[in-house]
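Note sheet for the following structure.
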Amino acid sequence: MNKNHFFLGARDALPIVLGYFPLAMTFGVLARSSNLSLGQIVAMSLMIYSGSAQFIAVSMLGSGATPPGIIATILLVNSRLILLSASLAPYLPRMAAPVLSFLAHGLTDETYALAVSRTGETPPTRWYLSGLFITSHLAWVGGSALGGFMGALLGDTSRWGFDFALTAMFICLLIMQLKNNITIAVACLAGLISITAATMLGRGWNIIPATVLAATIGVLMEKWNKPSG
């Protein structure tokens, strides 16, 4: 029974695998161009396991950011996972703390969405979640390793356009979030704060104040914009 649940989770992870593998390969190539070794690339994908955080970390490493600034930024970017895990925890009441800690490491936006879709009449078991999370994680690590290997063969990745891949990805993500005047204003404000902070504090520490201040102002604008009553 446990084996069946594990393989069901692994099967459900296949759409995630198809999305993770090429993105992880891109990360591996970019990380290689930032002078990370293949071992460091694999270790980062094993321990951090967050696409957005890893892409940002590679970008900050390339710009000469300090380790404390990179760590603080990664923690800030991944803080959303606290909310995701908190919303999933009520469906896993009988799992021991070590098991929950193991499963928590495999939680991403995509695996969370799949796990929540299974929280109907029959909550997901630890074996189902293990199959889902382990399969997805292996795809990310494998894609990163292959990308790191290819990056060593490609040499100068700028001639292939990989140096713009990170910028293009975040531009696409930004455009998808620009749904009204408030989101446009927050995006512009975040950019202005980031440039100002980079000028005053140096590169590497500009992301945190821009994110926190712009998000706070965005929440206040949303609150003021709601009709009273």
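All residue numbers for the sequence shown refer to numbering that gives the first Met the number 0, where the first residue is 0 and numbers rise by one. All C-beta atoms, glycine included, are put in the ideal place defined by N, C-alpha and C.
Within the same chain, G147 come within 6 Å of L37 by CB-CB distance, once the 5 residues on both sides are set aside.
Taking L45 as the centre and dropping the five residues before and after it, the same chain places the C-beta of V140 closer than 7 Å to its C-beta, in chain order. Under a 10 Å Cβ-count criterion, A23 is classified as buried, with 16 or more other Cβ atoms of the shown protein chains found around its own Cβ. Here the stretch 27 to 35 does not lie against the stretch 80 to 90, with fewer than 3 beta-carbon pairs under 8 Å apart. Rounded to whole angstroms, the separation of the alpha carbons of T107 and L74 is 14 Å.
With a beta-carbon spacing of about 13 Å, I47 and G27 fall beyond the 8 Å limit used to define contacts.
Distance between V115 and H4, taken at the CA atoms: about 16 Å. In the three-state reduction of the DSSP assignment, R31 falls in the helix class, which pools H, G and I.
Comparing alpha-carbon positions, the option among L131, P21, S100, S58 lying closest to K2 turns out to be L131. With contacts defined by Cβ atoms closer than 7 Å, V98 and R117 do not form a contacting pair.
A contact is defined here as three or more CB-CB pairs under 8 Å, and the stretch 208 to 221 meets this definition with respect to the stretch 181 to 192. Under the three-state reduction of DSSP, R10 is assigned to helix. Within the stretch 29 to 81, the complete alpha helix (DSSP H) runs of at least 4 residues fall at 37 to 46, 50 to 61, 66 to 77. Excluding residues up to 5 positions away in sequence, I181 lie with their Cβ nearer than 7 Å to the Cβ of N224 in the same chain. Non-local beta-carbon contacts of I133 in its own chain, meaning distances under 7 Å to residues more than five positions away in sequence, involve G105 in chain order. Cβ-Cβ distances below 6 Å link A96 to nothing in the same chain once the five nearest sequence neighbours on each side are left out. Under the three-state reduction of DSSP, M94 is assigned to coil, being neither helix nor strand. Assignment of R125 by DSSP, reduced to helix, strand and coil, places it in the helix class. Inter-residue distance for A197 and Q53 is about 20 Å (C-alpha atoms, whole angstroms). When DSSP states are grouped into helix, strand and coil, G105 belongs to the coil group. Apart from the 5 residues on each side of it in sequence, L200 has no Cβ closer than 7 Å to any other Cβ in its chain.
Comparing alpha-carbon positions, the option among Y111, L177, P208, I174 lying closest to A189 turns out to be P208. For a cut-off of 8 Å, the C-beta gap from V16 to A138 is around 4 Å, short enough to register as a contact.
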